[in-house]
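Residues 1 to 521 in UniProt numbering are what the sequence shown spells out, letter by letter.
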Amino acid sequence: MWPSLIDKAKQGGLDVIQTYVFWNVHEPVEGQVRTKRPVPQPRPFLFLLLPLCCCDDHSSPVLWMPLLSRRRRLLLQFNFQGRYDLVGFVKLIQAHGLYVSVRIGPFIESEWKGLPFWLHDVPGIIFRSDNEPFKYHMQRFTTMIVNMMKSEGLYASQGGPIILSQIENEYKNVEAAFHEKGPPYVRWAAAMAVGLQTGVPWVMCKQDDAPDPVINACNGMNCGETFAGPNSPNKPAIWTENWTSMERRLSLYRGGAAAVGGLTHPLLNPTRQMHWWGFIQGREYRFRTQFWLGLKQSGLLGEKLKIYTPDGSTQVKWTTAGISTQQRLMWFKTTFDAPSGLDPVTLNLGSMGKGEVWINGESIGRYWVSLKTPEGQPSQSLYHIPRSFLKPSGNLLVLFEEEMGDPLHISIDTISVTSVCSIVSDSHPRSLLSRKKRPSVDLQCPGGKAIARVDFASYGTPVGDCESYAIGSCHSVSSKAIVEKACLGKGSCSLLVSAKQFGGDPCPGTSKSLLVLASCH
1 MWPSLIDKAK QGGLDVIQTY VFWNVHEPVE GQVRTKRPVP QPRPFLFLLL PLCCCDDHSS
61 PVLWMPLLSR RRRLLLQFNF QGRYDLVGFV KLIQAHGLYV SVRIGPFIES EWKGLPFWLH
121 DVPGIIFRSD NEPFKYHMQR FTTMIVNMMK SEGLYASQGG PIILSQIENE YKNVEAAFHE
181 KGPPYVRWAA AMAVGLQTGV PWVMCKQDDA PDPVINACNG MNCGETFAGP NSPNKPAIWT
241 ENWTSMERRL SLYRGGAAAV GGLTHPLLNP TRQMHWWGFI QGREYRFRTQ FWLGLKQSGL
301 LGEKLKIYTP DGSTQVKWTT AGISTQQRLM WFKTTFDAPS GLDPVTLNLG SMGKGEVWIN
361 GESIGRYWVS LKTPEGQPSQ SLYHIPRSFL KPSGNLLVLF EEEMGDPLHI SIDTISVTSV
421 CSIVSDSHPR SLLSRKKRPS VDLQCPGGKA IARVDFASYG TPVGDCESYA IGSCHSVSSK
481 AIVEKACLGK GSCSLLVSAK QFGGDPCPGT SKSLLVLASC H
């Protein structure tokens, strides 16, 4: 999964990939290290020194429920294996020629939070404050991560790809709640991080009084207008996140052949071009199932036994469902064959409530279909299954449902990309890693498809975006013809956003953009 996503990020013009370090994932229980990579052990305390089962045949899959009857002892460990291989992830980014920003935190804010649960049991601990027990464990973990990166030569000062690190995260939002224990904690965290001597800068986002030399970074709405700037003349202006708007769905899925929109790049960076892919619903693979029986208090035990994995699912007894009322906190499983072809695969959970899904032991994330939009529709019902997670047949699908969703109507769908779109301004700075000296619109149809039609093209001051667009007050009349000549019949094409490309400047002295929407077949 990682290689294709990193490759797409590079194709889209990104220079740096940023990653959090998930403390609760890497150290779910305080204990011994289990990893194929050597993990240097930190010194203990350096004060002020500075990430469903069987079916009888393919035509009639059956969902089952577990009878949780026994427990297995978990191995205490640090977890840097598989998808949690932080070193491997950084090295893969490096292999693609991109840079890395590591946001160690180790607190991750509302996206995850990320403090391991066992910290609650540490006597006298007060999270994220000038508190010795918390500072001890935070420093121990941070030091371990930094030493892992150093041992592999991954910091830019060692010739590696990591050019930036972050300590703490949006602490200013809550600092006042800790009263006199807040400011000393900020100073301690900064000194502790700097003392680890990574050779690259450290940042604190949303911390306008970040102590030197730690850089205070903007993390919020419209940083270009709201950010007061660095708090010292020897610091650069950095925006860890720049929200130009809140999350926005370009199109709403309505079934059939309606479009579902998606951004291939986040809205966090306004200096990059925006691309849009249109999708149509492809073939649907629907499970024909019965109702389930429910068991009380099965959630935590099922998680502990890892019954969402192929091996773990054999450690408990599953029973076929009969006619019964639906209950909360239930596990379900079945198997399915991978859809043929190369089109993206999604799991349609429109009939479910809230929970988490695993495919062959790999989590594809949490779902919350019961959270409705103002129109009364699920906020999200389609969940992507990376094809790299799938086998040709016998794929294990496990769900943990917290509410009372109806799994009888779960389906596996394929999605076809039918259109591509890009809008780029001539004022966009070029990628640091790109050989192109000017901004460009780059279109690419996936899956061996080719550009069959140019639906809209305007060089000048087009109005709107990839969902809703129109010719503006400035427009080159040759826009569509030039784009068609460069793109029709090709799997991909590139056009410079320049007057020369379009045979002259339609409105001298005005910043211009190129907006192109094309259909793929």
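The beta carbon of each residue, even a glycine, is placed where N, CA and C say it ideally should be.
Only a predicted model underlies this, so the values are computations on that prediction, with no experimental measurement involved.
Check	Outcome
Alpha-carbon to alpha-carbon, residue 496 and residue 134	53 Å
Under the three-state DSSP convention, the category residue 500 falls into	coil
Inter-residue Cα distance where the pair is residue 224 and residue 107	26 Å
Three-pair Cβ contact test at 8 Å for the segment 366-386 versus the segment 420-427	no
Where residue 470 falls, given that 16 or more other Cβ within 10 Å makes a residue buried	exposed
Collapsed DSSP secondary structure at residue 358 in the structure displayed	strand
The alpha helix (DSSP H) enclosing residue 192, as first and last residue numbers	182-194
According to DSSP, residues forming a beta bridge with residue 335	396
Pairwise C-alpha distance: residue 1 and residue 328	32 Å
Beta strand (DSSP E) segments (min. 3 residues) lying fully within the UniProt domain "SUEL-type lectin" (435-521)	440-444, 451-460, 492-496 and 513-520
Member of 372, 213 and 458 whose CA lies at the smallest distance from the CA of residue 232	213
Contact under 8 Å by Cβ, residue 395 with residue 335	yes
Option nearest residue 478 by Cα separation, candidates 466, 488, 459 and 472	459
Residue 206 vs residue 130 beta-carbon contact at 8 Å	no
Residue environment, residue 508, which counts as buried when at least 16 other CB atoms sit within 10 Å	exposed
Inter-stretch contact at 8 Å, needing at least 3 Cβ pairs: the segment 441-452 / the segment 368-380	no
Distance, residue 361 Cα to residue 140 Cα	30 Å
Residue 221 (DSSP reduced to helix, strand or coil)	strand
Beta carbon of residue 415 nearer than 8 Å to that of residue 346	yes
Simplified DSSP state of residue 142, which is helix, strand or coil	helix
Backbone CA spacing between residue 400 and residue 307 [nearest angstrom]	10 Å
Residue 90 vs residue 145 beta-carbon contact at 8 Å	no
Backbone CA spacing between residue 381 and residue 343 [nearest angstrom]	18 Å
Residue from 99, 81, 28 and 27 whose Cα sits closest to the Cα of residue 16	99
Reference residue 85; option with closest CA among 22, 218 and 158	22
Nearest neighbour of residue 330, chosen from 348, 457, 301 and 83 [CA to CA]	301
DSSP-derived helix/strand/coil call for residue 378	strand
Beta-carbon proximity list for residue 240, same chain, < 6 Å, skipping 5 on both sides	205, 217 and 219
Alpha-carbon spacing of residue 309 relative to residue 315, whole angstroms	10 Å
Nearest candidate by alpha-carbon position, reference residue 519, set 408, 136, 490 and 506	490
Beta-carbon proximity of residue 502 to residue 468, cut-off 8 Å	no
Residue interval of the beta strand (DSSP E) (run including residue 87)	Premise fails: residue 87 lies in the alpha helix (DSSP H), 86-95, not in any beta strand (DSSP E).
Buried or exposed by the 16-neighbour rule on C-beta atoms within 10 Å, applied to residue 340	exposed
Distance CB(residue 10)-CB(residue 137) smaller than 8 Å	no
Residues near residue 159 by beta carbon distance below 7 Å, same chain, minus five either side	153
Close-in-space but distant-in-sequence residues of the same chain around residue 118 (CB under 7 Å, 5 per side omitted)	29 and 30
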